[in-house]
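Read the structure below first, then the notes.
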Amino acid sequence: MDTNIRKVRKDYLKQELLRSDLPRDPMELLEGWMADAASTDASDYNAMCLSTANKSGSPSSRIVLLRSISEMGIRFFTNYRSQKGRDIEENPNVSVNFFWKEWERQIRIEGAAVKCSSEISDSYFASRPRGSQEGAWTSMQSAANVSPLIEERVKSTVAQFKETDVIPRPDFWGGYDIKIESIEFWQGRPSRLHNRWKYLRDDSSATQWSIDRLDP
Ligand SMILES: Cc1cc2nc3c(=O)[nH]c(=O)nc-3n(C[C@H](O)[C@H](O)[C@H](O)COP(=O)(O)O)c2cc1C
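What the sequence shown shows, in this note's numbering, is residues 232 to 447, in sequence order.
Structure representation (structure tokens):
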């Protein structure tokens, strides 16, 4: 196969991230970088790679969409019975990675995932398009070789809710908040001399962070 993988090489030149750029609260920087990413690519800029590990430590990664940032942490929604849901049940420690090519930036997050309140999940579920709500009811997310096929099964769901104005949230579907324990901001720099700053939550306080400069 003709591939350029060995040869492709790019110098990162666009931005720098200095200590003087760092706010005391990393959530501010996270929000700033999200806004920058949104300004150049309005779709999927909130896509993040979520890694989980089951109780034996076997890791697994997939993309999910970031739906909110708050002092609670970062939030996403999924099927609680999916592989990621089962992993989190066994081991709440997760990691998250964002990469924004246009900005030559990466963010790494580590923390523990906890289910959102049912009120939060209900409210988000209610905001989804009806088709997605029907899909959530139908999909046995991550189950293999389910029969009949989902395209058939979703017809039964549509029929089931035909007379229902407001489709309720299934109890197996909802949000998780990842409480951030550490968050690293990576800004690509020339000659691989990247800027890396890692915030670590101070145990004694929910709002205090220490900051380490990491070698690239
Ligand atoms: C751009 C993108 C966004 C996605 N967003 C979500 C999401 O917010 N929630 C979700 O459960 N799956 C989402 N998925 C699908 C997941 O990557 C994954 O296939 C699914 O959640 C099953 O993962 P699991 O079997 O590891 O639990 C998204 C996939 C892509 C490519």
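C-beta atoms are modelled at their ideal positions from N, C-alpha and C, and glycine is treated no differently.
Here the structure is a predicted model, which means the values were calculated and not measured.
Proximal residues to residue i (C-beta, below 6 Å), its chain only, five neighbours per side dropped
i	result
residue 306	298, 299, 406 and 408
residue 279	297, 327 and 329
residue 291	283
residue 339	328 and 415
Contact test: residue i Cβ vs ligand 1 heavy atom, cutoff 7 Å
i	result
residue 299	no
residue 183	No statement about residue 183 is possible, as the shown extent of the chain runs from 232 to 447 and does not include it.
residue 251	no
residue 275	yes
residue 278	yes
residue 356	no
residue 313	yes
residue 372	yes
Boundaries (first-last residue) of the alpha helix (DSSP H) holding residue i
i	result
residue 315	314-321
residue 401	Where residue 401 is concerned, there is no enclosing alpha helix (DSSP H), given that its DSSP letter is neither H nor E.
residue 332	No alpha helix (DSSP H) contains residue 332, which DSSP labels as neither H nor E.
residue 351	349-358
Own chain, CB closer than 8 Å to residue i, minus 5 neighbours either side, in chain order
i	result
residue 204	It is not possible to answer for residue 204, since the shown part of the chain is limited to 232 through 447.
residue 440	255, 256, 257, 430, 431, 432 and 433
Where the beta strand (DSSP E) through residue i begins and ends
i	result
residue 341	336-346
residue 420	Here residue 420 belongs to no beta strand (DSSP E), and DSSP marks it neither H nor E.
residue 388	Here residue 388 belongs to no beta strand (DSSP E); instead the alpha helix (DSSP H) covers 381-391.
Using 8 Å as the threshold, is the stretch 283-294 in touch with the stretch 311-329, meaning 3 or more CB pairs across them?
yes
Quick check: the stretch 388-400 against the stretch 345-363, are at least 3 beta-carbon pairs closer than 8 Å?
Short answer: they touch.
Taking three-plus beta-carbon pairs below 8 Å as touching, is the stretch 415-427 in contact with the stretch 243-250?
When C-beta atoms of the stretch 415-427 are compared with those of the stretch 243-250, three or more pairs fall below 8 Å, so the two segments count as touching.
Within the chosen definition, does the stretch 361-378 reach the stretch 266-274 through at least 3 CB pairs nearer than 8 Å?
With a cut-off of 8 Å, the stretch 266-274 and the stretch 361-378 do not count as touching, because too few Cβ pairs lie within range.
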